[in-house]
Amino acid sequence: MVKHFLKTLSIFIFMIILGLIGVYLVGYFDNNEESANVLNNQAEVAI
Numbered sequence: 116m117v118k119h120f121l122k123t124l125s126i127f128i129f130m131i132i133l134g135l136i137g138v139y140l141v142g143y144f145d146n147n148e149e150s151a152n153v154l155n156n157q158a159e160v161a162i
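This is how it looks when you write it as structure tokens:
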């Protein structure tokens, strides 16, 4: 039971990290500071 919980938790955290990296990459490649700031604000609200 505990192993299953830890596995689910690790997958959940992994997905969040991937999402944050994706948001960062979109802001980075977009080269538009305004859109990057909007994405960062949305990420903070989501968390």
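Residue numbers 116 to 162, in the numbering used here, belong to the letters of the sequence shown in order.
Cβ coordinates follow ideal geometry from the N, Cα and C atoms, glycine included.
Since this is a predicted model, take the numbers as computed values, not measurements.
Residue 118 has its alpha-carbon roughly 10 Å from the corresponding atom of residue 124.
When only Cα atoms are considered, residue 116 and residue 128 end up about 18 Å apart. Between residue 143 and residue 131, the alpha-carbon positions lie close to 18 Å from each other.
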